[in-house]
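Under numbering that gives the first Met the number 0, residues 0 to 269 are what the sequence shown spells out, in order.
All remarks here apply to the structure that follows.
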Amino acid sequence: MKRAEKTYIQRITSRIRSFRYSWKPFYRHCGLNRFDHPVHANANVPTIDARIAISHANRFLFVRIPKCANTTILSTLWLCENGMSPEDLASLPAQEQKKMMRKQNMMQLFSRPSELSSSAAQTVLKKYCKAVIVRNPFSRAASAYLHKFRNGNAAQKFGLPSNLSFAGFCDYLRDGGLHDDIHWMPQSHICPLPPGTMDFIGKMENLAIDLPRLTNIVYGRSATIFTRQHHTTQANNHLRELYGTHEKRRVAELYAEDFTCFGYQPDKLS
């Protein structure tokens with residue numbers, strides 16, 4: 000099978016799968032099945048579904064945003080869900096710790112929206128605490144570029160030059176790539192509910208305060224943050240290097256909803 004034919008089949012398969020997900024009860028109730036919704040239109044519903052953690056025991060829904068201290072946040076919530084502290088984890092053999100703390104294993108403790116019945120979906124949407132922690136779009140876009148392009152192989156995956164500049168990355172987003180990968184997809188689109196209806200919106204820039212505040216709400220205790228830095232890019236140290244007038248204007252335009260919804264200023268890099 001030729002590469003172009005394979006890619007076409009994969010694209011069709013992805014759209015069919017996304018369409019099926021979008022009509023599951025949770026996504027019908029929250030409106031993600033609308034044809035004009037960017038996530039539905041770009042066949043990203045299964046990708047979004049995999050990033051949402053629901054705890055029925057503690058009655059909360061958390062949206063995991065990539066490039067927003069995602070691993071640290073998930074690890075901290077997972078420890079709380081298990082009634083453990085970082086000290087409890089440290090007392091276990093290293094190999095057991097490693098196995099337990101794989102993202103796939105941690106996520107097994109939580110439910111996904113696609114698994115919910117209609118009545119359960121309505122209960123989650125009406126009665127559970129719905130939370131998300133977000134990041135300044137300037138630093139998040141920079142982090143995605145550094146992780147996936149400068150230090151990764153995304154350029155090959157998307158048929159772009161191997162030495163793609165950040166300006167080139169911004170142009171690629173403008174030319175249709177904005178929803179190609181969840182690591183740079185707008186945060187307001189990853190969130191399955193309108194941001195204004197979320198019960199808790201924290202910020203990565205204020206994580207030391209906001210994450211314990213969230214655990215106090217859902218677990219009744221301010222948890223110690225369990226820091227895990229997978230694929231850290233130190234993006235804030237590269238902002239002046241990456242952003243000129245062109246790049247700043249492009250990101251401000253592409254992520255306008257994020258700036259508005261989450262209270263970031265499109266005229267300030269940090």
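Even glycine gets a Cβ: it sits at the ideal position worked out from N, Cα and C.
*asked:* Quick check: what's the CA-CA separation for residue 25 versus residue 13?
replied: Working through the sequence shown from its first residue, we reach residue 25 at position 26. Working through the sequence shown from its first residue, we reach residue 13 at position 14. In this structure, the straight-line span from the alpha carbon of residue 25 to that of residue 13 is close to 19 Å.
*asked:* Quick check: what's the CA-CA separation for residue 269 versus residue 239?
replied: Taking the sequence shown and counting its residues from 1, the one referred to as residue 269 is at position 270. Taking the sequence shown and counting its residues from 1, the one referred to as residue 239 is at position 240. Residue 269 and residue 239: Cα-Cα distance of roughly 10 Å.
*Look at the alpha carbon of residue 76 and the alpha carbon of residue 8, and state the distance between them as a whole number of angstroms.*
In the sequence shown, counting from the first residue as 1, residue 76 sits at position 77. In the sequence shown, counting from the first residue as 1, residue 8 sits at position 9. Going by the C-alpha atoms only, they are around 38 Å apart.
*residue 126 lies in the alpha helix (DSSP H); which residues open and close that run?*
By one-based count along the sequence shown, residue 126 stands at place 127. Unbroken alpha helix (DSSP H) run through residue 126: 117 to 126.
*Skipping 5 residues on each side, what residues in its chain have a beta carbon closer than 6 Å to that of residue 226?*
For the purposes of this step, residue 226 is identified with residue 227 of the sequence shown, where counting begins at 1. The residues are 71.
*Can you tell me the Cα-Cα spacing of residue 179 and residue 208, whole angstroms?*
Start at 1 with the first residue of the sequence shown, and residue 179 comes out as number 180. Start at 1 with the first residue of the sequence shown, and residue 208 comes out as number 209. Cα to Cα, residue 179 sits roughly 32 Å from residue 208.
*Hey, how far is the Cα of residue 126 from the Cα of residue 197?*
Counting from one through the sequence shown, the residue named residue 126 turns up at place 127. Counting from one through the sequence shown, the residue named residue 197 turns up at place 198. Approximately 12 Å, taken between the alpha carbons.
*Buried or exposed: where does residue 162 fall if 16 or more other Cβ atoms within 10 Å of its Cβ makes it buried?*
Walking along the sequence shown from the start, residue 162 turns up at place 163. So residue 162 counts as exposed.
*List the endpoints of the continuous alpha helix (DSSP H) containing residue 140.*
To locate residue 140, count along the sequence shown from 1; it is residue 141. Residues 136 to 144.
_According to DSSP, residue 64 sits in a beta bridge with which residue or residues?_
Stepping through the sequence shown from its first residue, residue 64 is reached at position 65. Answer is none; residue 64 lacks a bridge partner.
_Short of 8 Å in beta carbon distance, which residues of its chain neighbour residue 266, apart from the five on each side in sequence? Order them along the chain._
The residue given as residue 266 occupies position 267 in the sequence shown. For residue 266, where only same-chain residues beyond five positions count, the Cβ hits under 8 Å are 251.
_Beta-carbon contacts of residue 73 that lie in its chain and below 8 Å, excluding the five residues immediately before and after_ = By one-based count along the sequence shown, residue 73 stands at place 74. 52, 63, 102, 105 and 106, listed in sequence order.
*asked:* Let me confirm a value: residue 34 is counted as buried when at least 16 other C-beta atoms fall within 10 Å, else exposed. Which label applies?
replied: What you label residue 34 is simply residue 35 of the sequence shown in a count that begins at 1. Residue 34 is exposed by the Cβ-count criterion.
*Taking the CB atoms as reference points, tell me whether residue 165 and residue 242 lie closer together than 9 Å.*
Locating residue 165 in the sequence shown gives position 166, counting from the first residue. Locating residue 242 in the sequence shown gives position 243, counting from the first residue. Yes. Within cutoff.
_Backbone CA spacing between residue 47 and residue 79 [nearest angstrom]_ = Taking the first residue of the sequence shown as 1, we reach residue 47 at position 48. Taking the first residue of the sequence shown as 1, we reach residue 79 at position 80. Using only the alpha carbons, I get a separation of about 23 Å.
_Tell me the rounded alpha-carbon separation between residue 253 and residue 92._
Residue numbering aside, residue 253 sits at position 254 when the sequence shown is read from its first letter. Residue numbering aside, residue 92 sits at position 93 when the sequence shown is read from its first letter. Whole-angstrom Cα-Cα distance: 46 Å.
*Take residue 143 and list the residues in its own chain whose beta-carbon comes closer than 6 Å to its own, dropping the five residues that flank it on each side.*
Sequence index remark: in the sequence shown, residue 143 carries index 144 (1-based). Only 66, 182 and 183 meet the Cβ criterion.
_Suppose the cutoff is 6 Å on Cβ atoms and the five residues either side in sequence are ignored; what does the same chain contact list for residue 255 look like?_
Taking the first residue of the sequence shown as 1, we reach residue 255 at position 256. Apart from sequence neighbours up to five positions away, no residue of its chain approaches residue 255 with a beta-carbon distance below 6 Å.
_Taking 8 Å as the limit between beta carbons, can you name the residues of its chain near residue 192, skipping five residues before and five after?_
Along the sequence shown, read from residue 1 onward, the residue named residue 192 stands at position 193. Counting only Cβ-Cβ distances below 8 Å, and skipping sequence neighbours, we find 29, 124 and 129.
*Residue from 121, 216 and 171 whose Cα sits closest to the Cα of residue 158*: On the sequence shown, residue 158 is found 159 positions in, with the first residue counted as 1. Per the Cα distances, 171.
*If you compare alpha carbons, which of 38, 44, 201 and 120 is closest to residue 286?*
In this structure the chain extends from 0 to 269, so residue 286 is not present and cannot be described.
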